[in-house]
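Engineer:
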Amino acid sequence: MVAILVGLRWRQLGHQLGRNPWFIVALVVSGLVALGMLGTLALALGALRLAAPDLAVTALVLVGSAITAGWWIGTIFVSSDDSLAPERFALLPVRARSLLPGLTVAGATTIGGIGTTIALLLMLVGWSVSLAAALAATLLAPVALMVCVLGARVIGGLLARWLARRRTRDLVLTLGVLLVACSGLLLNLLLTAVGELDAPSESLAAAADVLAWTPLGAAFGVPAAVAEGEWLVAVLRLAVALATVVVLWLAAERLLAARLVAPISGGGGGRVRSGGLVDRVLPATPVGAVAARTLRYRRRDPRHLVNTVMLLVLPALLLGVFAMNGLRDGGVTFGPALVLLPSINALLICTIVQMDVAYDNDAVALHILTGVRGTADRVGRLLGIGILAIPLTVILCVLACLLVGSWALLPASLGAALGLSLAAAGAASAVGAYLPGRAPAPGANPFGRGSSGGVQSLLAMIVVMPITLVVGGPALGFAIASFWTPSLGWVSLACGLLLGGAATWAGAVIGGRALDRRWPRVLADVSSEA
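Using this note's numbering, the first residue of the sequence shown is number 421, and each one after it goes up by one.
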């Protein structure tokens, strides 16, 4: 059974590689990025091993515990392989006891599992402070991997029915986006708090010692105790690690047996209401229909909800970071460059517009069957995102000027932000007709495979960014010049609206004509069977 399930996973991977050449490129790029990260880990551990051997042991326990916690928590946001979901085996004459070993090994041979295995082997560089510790770490590497995989299965199984509800998925998704967006700020606060401790190394050592007795870090606490010559402690931590594997195995088997008998089906989003404000305001034309559907997607589809939330959260977080770092003597001091921060929305708008067709997935066939013109599709999608993005950008510009304390810079802030955003939207609208990217299928986890658009989106970004900078350059340049001559802010606003508007119109026309020629090819690129 183990060989069958592992072989099934790899055959499915080979099938995807054979049908979609972009998936091959994405796999190669992802592999290179992963190798770079693993190489950095090896160099960091090697340097720490030579400079501070005692601190290296502490760091290894903390890093190992973080890897395990990442597996356990990540399973909430990143869906597992649907092709090996327990519900797919519900009608087969197979028991959970015989099915679980294969599913566990198959989970350990995913990209994340292989990466974790390599990371565990690279950690031997740090454990080489002691030959006995390195030997113990080698023997316990499979145990650590089992704790990661089984813990993720257990947590995923416990929350499966809860996460199957549409409202719950949306709530978890929103919280996950906010957590990811705030991760840099939270890490900055954590490092600041650690740096302010009287003895940070002793505090880290105490935290590692506590984690070494928990299921998260017991497998890493054993070689740490061996390195320190505490053999009794090593034996007790080994008992904790092995007991963790046994408990997780029994829990995973029980949860799997329950899902084989009572499969879980995902809940929908309820009845779709029509005839509301959106339908009354937008014109009864193909452009209005596409724009109305786009707006509904922004509210109902978790994948679009991520992008909408990020349009407001990312610039606001950057403003918050500057606000925290700008506290001086009970007041707040900012440089005028802060008013340019809302311009970062151009990056988000570029990705949203470029991947908008990919989010439709198989539904793009409706455009082909009903004869929707490519220009109507482009204009409708731009109108749908513009109704949300433009007011949010204006609010962020006003907030930035409020924090700076200079309303004279508002025209410059609006000019730079709107100019770059409109230029990015126009360029992405044209390029997206040729490189639509890949997106998670409807109902799938937005953080799952294809959430970043794949290699096509990377190539599209490489093409769009220079165009955006060239078209939006005058608006950005005059905005910067307005720091010394505020009246130039109005010139920046005029350039942003005129040049950005022209770029949006040109992108819609060019992209629309390209879609008229490439509709079947685009459908093949974005459909779930691609």
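Every residue gets a Cβ at the ideal spot worked out from N, C-alpha and C, and that includes glycine. Note that the structure is a prediction, hence the values are computed from the model and not measured.
1. Does DSSP put Gly892 in a helix, in a strand, or in coil?
2. According to DSSP, simplified to helix, strand and coil, what is Ala859?
3. Using C-beta distances below 8 Å, list every residue in its chain close to Pro521, excluding the 5 sequence neighbours before and after it, in chain order.
4. If I follow the unbroken alpha helix (DSSP H) through Met566, where does it start and stop?
5. What does the alpha-carbon distance come out to for the pair Pro506 and Pro562?
6. Within the same chain, show all residues whose beta-carbon is closer than 7 Å to that of Leu519, passing over the 5 residues directly before and after it, in chain order.
7. Assess contact between the segment 891 to 903 and the segment 816 to 825, defined as three or more Cβ pairs (one per stretch) separated by less than 8 Å. Is contact present?
8. Taking the straight line between their C-alpha atoms, what separation do you get for Pro473 and Ala757?
9. Tell whether a beta-carbon distance below 7 Å holds between Ala625 and Thr478.
10. Which of helix, strand or coil does DSSP assign to Glu650?
11. Give the range of the alpha helix (DSSP H) segment to which Ile764 is assigned.
12. Of all the options Ala682, Leu542 and Gln432, which has the alpha carbon lying nearest to the alpha carbon of Gly577?
13. Taking buried to mean at least 16 other C-beta atoms within 10 Å of its own C-beta, is Leu790 buried or exposed?
14. Consult DSSP for Ala682 and reduce its assignment to one of helix, strand or coil.
15. Three-state secondary structure (DSSP) at Ser907?
16. Looking only at its own chain, which residues have a Cβ that is under 6 Å from the Cβ of Arg793, when we skip the five neighbours before and after it?
17. Under DSSP, the alpha helix (DSSP H) around Arg718 begins and ends at which residues?
18. Please confirm whether Leu516 and Val569 have their CB atoms less than 7 Å apart.
19. Around the Cβ of Glu622, are there at least 16 other Cβ atoms within 10 angstroms (buried) or fewer (exposed)?
20. Using only the alpha-carbon positions, how far apart do Ala845 and Gly921 sit?
21. To the nearest angstrom, how far is it from the Cα of Trp430 to the Cα of Gly535?
Structural biologist: The answer reads as follows:
1. In the sequence shown, residue 892 corresponds to position 472, counting from 1. Helix at Gly892.
2. Locating residue 859 in the sequence shown gives position 439, counting from the first residue. Ala859: coil per DSSP, three-state reduction.
3. Position 101 of the sequence shown holds residue 521. A distance below 8 Å between beta-carbons, with the five flanking residues on each side excluded, links Pro521 to the following residues of its chain, in chain order: Met421 and Val422.
4. By one-based count along the sequence shown, residue 566 stands at place 146. For Met566, the enclosing alpha helix (DSSP H) covers residues Leu551 to Leu578.
5. Within the sequence shown, the letter at position 86 stands for residue 506. Within the sequence shown, the letter at position 142 stands for residue 562. Rounded to the nearest angstrom, the two C-alpha atoms are 24 Å apart.
6. By 1-based counting over the sequence shown, the position of residue 519 is 99. Correct list, in chain order: Met421, Phe509 and Leu676.
7. In short, these stretches do not touch, since the Cβ pair count stays below three.
8. Locating residue 473 in the sequence shown gives position 53, where the first residue counts as 1. Locating residue 757 in the sequence shown gives position 337, where the first residue counts as 1. For the pair Pro473 and Ala757, the Cα-to-Cα distance works out to about 44 Å.
9. If you number the sequence shown from 1, residue 625 lands on position 205. If you number the sequence shown from 1, residue 478 lands on position 58. With respect to Thr478, Ala625 sits close: the two C-beta atoms are nearer than 7 Å.
10. Here residue 650 refers to the residue found at position 230 of the sequence shown. Secondary structure at Glu650: coil, using DSSP grouped into helix, strand and coil.
11. Here residue 764 is taken as the residue at index 344 of the sequence shown, counted from 1. Counting along the chain, no alpha helix (DSSP H) covers Ile764, and no H or E run does either.
12. Taking the first residue of the sequence shown as 1, we reach residue 577 at position 157. Nearest neighbour of Gly577 by Cα position, chosen from Ala682, Leu542 and Gln432, turns out to be Ala682.
13. Position 370 of the sequence shown, counting from 1, holds the residue named residue 790. Leu is not the amino acid found at residue 790; the sequence shown has Thr there. Exposed, because fewer than 16 other Cβ atoms sit within 10 Å of the Cβ of Thr790.
14. Within the sequence shown, residue 682 is the residue found at index 262, counting from 1. The answer is coil: DSSP assigns Ala682 none of H, G, I, E or B.
15. As a first step, residue 907 must be located in the sequence shown, where it is residue number 487. Of the three classes helix, strand and coil, the one that applies to Ser907 here is coil, per DSSP.
16. Along the sequence shown, read from residue 1 onward, the residue named residue 793 stands at position 373. Taken in chain order, the list of residues that qualify is empty.
17. Position 298 of the sequence shown, counted from the start, is the residue given in the question as residue 718. The continuous alpha helix (DSSP H) containing Arg718 extends over residues Pro706 to Arg720.
18. Here residue 516 refers to the residue found at position 96 of the sequence shown. Here residue 569 refers to the residue found at position 149 of the sequence shown. Looking at the sequence itself, residue 516 is Ala, so the reference to Leu does not match. Cβ atoms of Ala516 and Val569: not closer than 7 Å.
19. One-based indexing of the sequence shown puts residue 622 at position 202. Sixteen is the threshold: since fewer than 16 other Cβ atoms of the shown chains lie within 10 Å of the Cβ of Glu622, the residue is exposed.
20. The residue you call residue 845 lines up with position 425 of the sequence shown. The residue you call residue 921 lines up with position 501 of the sequence shown. For Ala845 and Gly921, the distance between alpha carbons rounds to 10 Å.
21. Position 10 of the sequence shown holds residue 430. Position 115 of the sequence shown holds residue 535. Distance from the CA of Trp430 to the CA of Gly535, rounded to the nearest whole angstrom, comes to 16 Å.
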